[in-house]
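Following my numbering, the numbering of the sequence shown begins with 3 at its first residue and continues without gaps.
Below you'll find the structure, written out as structure tokens, and then a few comments.
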Amino acid sequence: MGNTCTTCNCNKDGQEASELLTVDNKSVFNPPILKLQAWIRGTIARRRVAAHLQQLNGHQAYMSGSKRDRYEGTQNGSSYQNDGQIEERGEVVFKNGAVYKGQWIGDMKHGYGVQVWPDGARYEGYWKNNKACGKGKFWHVDGDVFEGQWQDDKANGYGVYVHMNGARYEGYWKDDLQHGYGKEIWTDNSKYEGEYHDGKKHGKGLYVWADGSMYDGDWYENRIEGHGTYTWIDGRQYTGSWKNNNMHGHGIYTWKDGRRYEGYYEMDKKHGYGVYQWADGRRYEGNWYNGKQHGQGKYILPDGTVKIGLWDSGKRVQWLNE
Numbered sequence: 003m004g005n006t007c008t009t010c011n012c013n014k015d016g017q018e019a020s021e022l023l024t025v026d027n028k029s030v031f032n033p034p035i036l037k038l039q040a041w042i043r044g045t046i047a048r049r050r051v052a053a054h055l056q057q058l059n060g061h062q063a064y065m066s067g068s069k070r071d072r073y074e075g076t077q078n079g080s081s082y083q084n085d086g087q088i089e090e091r092g093e094v095v096f097k098n099g100a101v102y103k104g105q106w107i108g109d110m111k112h113g114y115g116v117q118v119w120p121d122g123a124r125y126e127g128y129w130k131n132n133k134a135c136g137k138g139k140f141w142h143v144d145g146d147v148f149e150g151q152w153q154d155d156k157a158n159g160y161g162v163y164v165h166m167n168g169a170r171y172e173g174y175w176k177d178d179l180q181h182g183y184g185k186e187i188w189t190d191n192s193k194y195e196g197e198y199h200d201g202k203k204h205g206k207g208l209y210v211w212a213d214g215s216m217y218d219g220d221w222y223e224n225r226i227e228g229h230g231t232y233t234w235i236d237g238r239q240y241t242g243s244w245k246n247n248n249m250h251g252h253g254i255y256t257w258k259d260g261r262r263y264e265g266y267y268e269m270d271k272k273h274g275y276g277v278y279q280w281a282d283g284r285r286y287e288g289n290w291y292n293g294k295q296h297g298q299g300k301y302i303l304p305d306g307t308v309k310i311g312l313w314d315s316g317k318r319v320q321w322l323n324e
């Protein structure tokens, strides 16, 4: 659906004239399709840096207030023994400036707790062996928020990610990446609902643009690829094969006024054998090249009269049966 998803306007001899309607491929597959995923990756990368710093410094902690003197964290967790029982403690201030208040087992954050980083990032939820695990909510310093299931400090299971501008993803995660079924919604009301794999739209999915046009079908690593249907707001529709966001292979393209093309495409242009039918019953059956009639073809009138001719780059060269 790029520069040649157009109205084929042909004269009475079947000669294709200038194509009138165009849809700019770049305007259809614009950055918002991938922007939320980029934001998610950026947030995750920054959070992982913070988590890494916490791992480097996190064991060098001290208790605030009156408990400070009797608690000095160590890497082997041997300084504070409580026989594996979960207990509630006051604030723990780490040397990197992070503050944790909640439940512990020995020197491990374990159970429910709240941690706030020096830059303002915040996590509220469950921990296991010093890592976010279970249900929790993370506020990034930039204003992005994730709430859902965690495992080993990563989003795993169902969760909702909300970008600071209101864009959101609701669905399943695996190791901090969108994975499984989910839905993205943007502030302009465009949305995608379908399958993800390793952080990319992959499998079956429905994408609806802000203007109401939509695609329902196969995706491959964030690209429209496979079989699917794209519907324009002016009533045009294409159902068929796709490759790298382009009509490619066999498909059927219809117009609201009754015109119809069935045949082959190559990178968004009619290419190979195809049949184009006008609303008044006329049709062209034959070869196409780079979006235009090219080679031998038949021009069939509504009364059944068949004219066989040769076309060159959309222009009829001669009739062969006259």
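We treat Cβ as the ideally placed atom computed from N, Cα and C, and that holds for glycine.
1) Helix, strand or coil for Val-308 per DSSP?
2) Could you spell out where the beta strand (DSSP E) holding Asp-220 opens and where it closes?
3) Looking only at its chain, what residues have a beta carbon closer than 6 Å to the beta carbon of Lys-202, apart from the 5 residues adjacent to it on each side?
4) What's the C-alpha gap between Thr-233 and Gln-87?
5) Please report the distance separating the alpha-carbon of His-273 from that of Ser-243.
6) Look up Arg-91 in the DSSP assignment and give the residues it is bridged to.
7) Quick check on the burial criterion: 16 or more other C-beta atoms within 10 angstroms. Buried or exposed for Met-166?
8) Measuring alpha carbon to alpha carbon, tell me which residue in Asn-289, Asn-323, Arg-284 and Gln-298 is nearest Gly-306.
9) So, at 6 Å on beta carbons, what are the nonlocal neighbours of Lys-103 in its own chain, with the 5 sequence-adjacent residues on each side left out?
10) Taking a contact to mean a Cβ-Cβ separation below 9 Å, would you say Trp-221 touches Gly-196 in this structure?
11) Which parts of the segment 174-234 are runs of the beta strand (DSSP E), unbroken and 3 residues or longer, counting only runs that do not cross its ends?
12) Exposed or buried, Leu-179, counting other C-beta atoms within 10 Å across all chains shown (16 or more means buried)?
13) How would you label Pro-33, buried or exposed, when you count the other beta carbons within 10 angstroms and need 16 or more for buried?
14) Which one or two residues does DSSP pair with His-252 in a beta bridge?
15) Roughly how many angstroms lie between the CA atoms of Gly-260 and Cys-135, to the nearest whole one?
16) In chain order, what residues of the same chain lie with their CB nearer than 8 Å to the CB of Glu-227, ignoring the 5 residues before and after it?
17) CA-CA distance, Thr-189 and Val-308?
18) Can you have a look at Ala-157 and say buried or exposed, based on whether 16 or more other CB atoms are within 10 angstroms of its CB?
19) So, are the CB atoms of Ala-169 and Glu-149 less than 9 Å apart?
20) Note the first and the last residue of the continuous beta strand (DSSP E) segment covering Asn-289.
21) Can you check which of these residues, Gly-145, Ile-107, Gly-108 and Asp-109, is closest to Tyr-1 by C-alpha distance?
22) List the endpoints of the continuous beta strand (DSSP E) containing Asn-98.
23) If we call anything under 9 Å between Cβ atoms a contact, is Arg-238 one with Trp-257?
24) Would you give the residue range spanned by the beta strand (DSSP E) that Asn-246 belongs to?
25) How should Trp-290 be labelled, buried or exposed, when 16 other C-beta atoms within 10 angstroms of its C-beta is the threshold for buried?
26) Kindly indicate which three-state DSSP category Lys-258 falls into: helix, strand or coil?
27) Look at Gly-288 and Lys-300 and say whether their C-beta atoms are less than 9 Å apart.
Checking against the coordinates, here is how it stands:
1) Val-308 falls in the strand class under three-state DSSP.
2) Run containing Asp-220: 216-222, per the beta strand (DSSP E) assignment.
3) These residues qualify, in order along the chain: Glu-223 and Asn-224.
4) Rounded to whole angstroms, the gap between the alpha carbons of Thr-233 and Gln-87 is 60 Å.
5) When rounded, the separation of the alpha-carbon atoms in His-273 and Ser-243 is 13 Å.
6) Residue pairing of Arg-91 in beta bridges, as defined by DSSP: Gly-104.
7) Around the beta carbon of Met-166, fewer than 16 other beta carbons lie within 10 angstroms, which makes this residue exposed.
8) Residue nearest to Gly-306 within the set Asn-289, Asn-323, Arg-284 and Gln-298 is Arg-284 (criterion: CA-CA distance).
9) The beta carbon of Lys-103 lies closer than 6 Å to those of Glu-93 and Val-116 in the same chain, with the five residues before and after it left out.
10) Yes, the pair counts as a contact, with Cβ atoms nearer than the cut-off.
11) Taken in chain order, the unbroken stretches of beta strand (DSSP E) that lie wholly in the segment 174-234 and span 3 residues or more are 179-187, 193-199, 202-210, 216-222 and 225-233.
12) Leu-179 comes out buried.
13) The pLDDT assigned to Pro-33 is 37, lower than 50, so where the model puts this residue is not dependable; a value taken from the coordinates is nonetheless given after this. Taking all protein chains shown into account, Pro-33 has fewer than 16 neighbouring C-beta atoms within 10 Å of its C-beta and is therefore exposed.
14) Paired residues: Tyr-266.
15) Cα to Cα, Gly-260 sits roughly 57 Å from Cys-135.
16) Answer for Glu-227: Asp-220, Trp-221, Trp-244, Lys-245, Asn-246 and Asn-247, listed in chain order.
17) Rounded to the nearest angstrom, the gap between the Cα atoms of Thr-189 and Val-308 is 54 Å.
18) Around the beta carbon of Ala-157, 16 or more other beta carbons lie within 10 angstroms, which makes this residue buried.
19) No, these two residues do not count as a Cβ contact at 9 Å.
20) Here the beta strand (DSSP E) through Asn-289 covers 285-291.
21) No statement about residue 1 is possible, as the shown extent of the chain runs from 3 to 324 and does not include it.
22) According to the DSSP assignment, Asn-98 belongs to no beta strand (DSSP E), since it is labelled neither H nor E.
23) Yes. Within cutoff.
24) It is not in any beta strand (DSSP E) - Asn-246 carries neither H nor E in the DSSP assignment.
25) By the neighbour-count definition (other C-beta atoms within 10 Å, threshold 16), Trp-290 is a buried residue.
26) When DSSP states are grouped into helix, strand and coil, Lys-258 belongs to the coil group.
27) Yes, Cβ-Cβ distance for Gly-288 and Lys-300 is below 9 Å.
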